[in-house]
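Numbering (numbering that gives the first Met the number 0), first residue to last: 0 to 202.
Glycine residues also receive a C-beta, built at the ideal position from the N, C-alpha and C atoms.
Keep in mind that this is a model prediction, so the values were computed, not measured.
Below is one structure, written out as structure tokens; comments come after it.
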Amino acid sequence: MTRSIEDPRNARSRRTRDALLAATREILERDGFEALTMTEVARHAGVSRQGVYLHFASRTELVTALFGFIAEQEGLRDSLAPVWAAPDSVSALRAWARHLAAYHPRLMTVDRAIDRVRHADPDAARHRATVDENQFRTCRRLAERLHDEGRLASHWTVETAADMLWGLIATDIFERLLSGRGWTPEALADHLVALYEGTFVKK
0 MTRSIEDPRN ARSRRTRDAL LAATREILER DGFEALTMTE VARHAGVSRQ GVYLHFASRT
60 ELVTALFGFI AEQEGLRDSL APVWAAPDSV SALRAWARHL AAYHPRLMTV DRAIDRVRHA
120 DPDAARHRAT VDENQFRTCR RLAERLHDEG RLASHWTVET AADMLWGLIA TDIFERLLSG
180 RGWTPEALAD HLVALYEGTF VKK
């Protein structure tokens with residue numbers, strides 16, 4: 000018999016799954032990707048090792064699920080909503096800059112943990128690829144909209160504009176400005192808007 004979504008067993012299972020993913024994020028942020036094992040996740044979440052495997056058959060599955068969990072936890076959909084609701088491409092670009100300044104810094108610790116080992120750890124590489132693919136898809140969509148509305152500066156093609164927008168999301172840039180230079184997220188947003196408009200928008 001199929002369980003309904005209101006079934007307490009389903010709710011309990013979801014809570015356990017979320018606890019495991021929250022533990023995964025905390026381990027990454029505190030100890031780095033090297034410390035991420037199924038045993039450590041189980042211990043940190045207060046779940047038996049067997050219980051972890053009831054939800055995730057491998058560390059690969061666990062890390063694969065992490066992107067969606069963090070996106071939901073940090074409100075990615077709501078943060079991006081003004082970008083997609085913007086009335087024109089330039090307004091969308093401004094909204095994208097403000098989204099990045101508010102959202103991206105909250106993920107920098109996880110990003111750093113992934114980047115340290117992504118060339119040596121297939122699970123880290125897969126997670127990085129998922130993040131990159133989602134970010135690039137948005138950048139491409141913004142570049143296409145600028146082009147379609149005749150607002151993309153003549154120096155750029157859709158391809159090069161998408162590449163550059165994506166490159167400007169690098170965690171190192173955000174960390175240098177926020178931590179190294181003491182910028183506030185508000186100042187970062189304002190300057191990203193100025194940079195994007197001055198660089199990508201046809202005058």
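**OP:** Note down the Cα distance separating E28 from A112, rounded to an integer number of angstroms.
**Re:** The alpha-carbon atoms of E28 and A112 are separated by roughly 7 Å.
Original post:
Can you list, in chain order, the residues of its chain whose CB lies under 7 Å from that of L99, leaving out five sequence neighbours each side?
Top reply: Closer than 7 Å at the Cβ level, and outside the excluded window around L99, lie I168, L191.
Subject >> Span separating the alpha-carbon of G149 from that of T137 >> reply: If I take the Cα positions, the gap works out to 19 Å.
Original post:
If we count the other Cβ atoms within 10 Å of its Cβ and call it buried at 16 or more, is T183 buried or exposed?
Top reply: Residue burial is scored here from C-beta neighbours: T183 has fewer than 16 other C-beta atoms within 10 angstroms and is therefore classed as exposed.
Subject >> Neighbour-count burial assignment, A160, 16 or more Cβ in a 10 Å radius >> reply: A residue is called buried once 16 or more other Cβ atoms fall within 10 Å of its Cβ, and A160 is buried on that count.
Subject >> Contact the segment 88-106 vs the segment 69-79: 3+ CB pairs below 8 Å >> reply: Yes, they touch.
Original post:
In chain order, what residues of the same chain lie with their CB nearer than 6 Å to the CB of L145, ignoring the 5 residues before and after it?
Top reply: Excluding residues within five positions, the ones whose Cβ falls inside 6 Å are S88, L151.
Original post:
Grouping DSSP H, G and I as helix and E and B as strand, with all else coil, what is L167?
Top reply: If DSSP states are grouped into helix, strand and coil, L167 belongs with coil.
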